[in-house]
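Take a look at the structure set out below.
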Amino acid sequence: MSEPRRGAIRVALPFGPLTIRWVEWGPVTGEPVLCVHGLTRTGRDFDALAQALAGQGRRVLCPDMPGRGESGWLPDGSLYAVPTYVAACAQLLAALGRPFDWVGTSMGGLIGMGLAATPATQPRRMVLNDVGPFVPAAALQRIAAYLSLDLSFPDMAAWTAHVRKAYAPFGPLTEEQWRHLAETSGRMTAQGRVVPHYDPAIRAPFAASAAADIALWDMWDALTVPMLVLRGETSDILPAGAAARMAAKPGVRVETIPGCGHAPALMEAGQVAMVSRFLAG
13 MSEPRRGAIR VALPFGPLTI RWVEWGPVTG EPVLCVHGLT RTGRDFDALA
63 QALAGQGRRV LCPDMPGRGE SGWLPDGSLY AVPTYVAACA QLLAALGRPF
113 DWVGTSMGGL IGMGLAATPA TQPRRMVLND VGPFVPAAAL QRIAAYLSLD
163 LSFPDMAAWT AHVRKAYAPF GPLTEEQWRH LAETSGRMTA QGRVVPHYDP
213 AIRAPFAASA AADIALWDMW DALTVPMLVL RGETSDILPA GAAARMAAKP
263 GVRVETIPGC GHAPALMEAG QVAMVSRFLA G
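To convert a position in the sequence shown, counted from 1, into my numbering, add 12.
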């Protein structure tokens, strides 16, 4: 696997400046695609998809959201919320200055819907990976319980074993793919322990929001962007009933991915091809 280029931008947010970092693939003159990760993940989750899209001449940017991976941490944990991520991404898009497509997994999909609701930041096409305008509180509480764990491992091998178990709903992956997902989502502490590569302060606002369903149907009904929605066959984040309601919207196609829960990893060849075909228009 070739190495990506790296980029960074200093964005101005109401609470102060913040550095957003990303990796990118493909020609800098290519039509941009932004791939945005889920709650506890990083932009490196998209390496396989990004390289495939880059091979089609696209410029693919995979940013780390605030508090994750190589991007800056927020000064106040209560600020870790979708509106903050939307504001940060809007400035990245303004600097990019070109029409773009969006691929968002879970939280990344919610950010994409927030951007799509405003004409100035509306993508041309959008892929929502196992998320939609309705998320049951029970599923949010399951994630909040996992997020509350103080995870720390003696070495990368132990962390990788944990990642394989915790993220088994990503679907069947190769040893190399699991190792990649682990190595790019863990960091070594000064004490020589491996911990998840995110600010522990993301926990509190997420736990507070998990008390009730997410219901954004009014916003959903107003969106006009062509969309591909991928749903893991056993997903609790995107229930089958919600996916069916989404599929009834003109310009939206819903595909169920067998053998996956929340959320398909977008590393398997069929999943990559499905996204690539949709973004090719």
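All residues carry an ideal CB built from backbone N, CA and C; glycine is no exception.
Remember, predicted model here, so these are calculated numbers, not experimental data.
Proximity to residue i [Cα-Cα], best of the options
i	options	result
residue 145	203, 261, 229, 175	229
residue 119	48, 102, 187	48
residue 18	73, 187, 28, 54	73
residue 278	81, 59, 21	59
residue 37	136, 206, 67	67
residue 84	109, 30, 204	30
residue 190	205, 170, 88	170
Residue i - DSSP class collapsed to helix/strand/coil
i	result
residue 119	helix
residue 27	coil
residue 77	coil
residue 38	coil
residue 235	coil
residue 244	strand
residue 19	strand
residue 51	coil
residue 228	coil
residue 56	helix
CB-CB length for residue i against residue j, believed under 8 Å
i	j	result
residue 128	residue 138	6 Å
residue 105	residue 133	6 Å
residue 23	residue 103	4 Å
residue 69	residue 42	5 Å
residue 198	residue 168	7 Å
residue 274	residue 181	5 Å
residue 241	residue 255	7 Å
Through-space distance from residue j to residue i, alpha-carbon basis
i	j	result
residue 224	residue 34	32 Å
residue 192	residue 62	14 Å
residue 25	residue 200	29 Å
residue 195	residue 210	13 Å
residue 131	residue 143	22 Å
residue 233	residue 251	18 Å
residue 147	residue 90	21 Å
residue 53	residue 28	24 Å
residue 160	residue 175	16 Å
residue 265	residue 286	11 Å
residue 125	residue 235	8 Å
residue 76	residue 140	17 Å
Practice task
Mind listing, in chain order, the continuous alpha helix (DSSP H) runs of no fewer than 4 residues lying wholly within the region 251 to 291?
Solution key: Annotation note: the region 251 to 291 contains the following uninterrupted alpha helix (DSSP H) runs of length 4 or greater, listed N- to C-terminal: 252 to 259, 281 to 291.
Exercise for the section: Within the region 143 to 226, note down every full beta strand (DSSP E) run reaching 3 residues or more, in order along the chain. Expected result: For the beta strand (DSSP E) assignment, the uninterrupted runs of no fewer than 3 residues enclosed by the region 143 to 226 are, from N- to C-terminal side, 198 to 200, 206 to 208.
Handout entry: Uninterrupted alpha helix (DSSP H) stretches inside the region 86 to 137 (no shorter than 4 residues)
Key = Runs of the alpha helix (DSSP H) inside the region 86 to 137: 94 to 108, 119 to 128.
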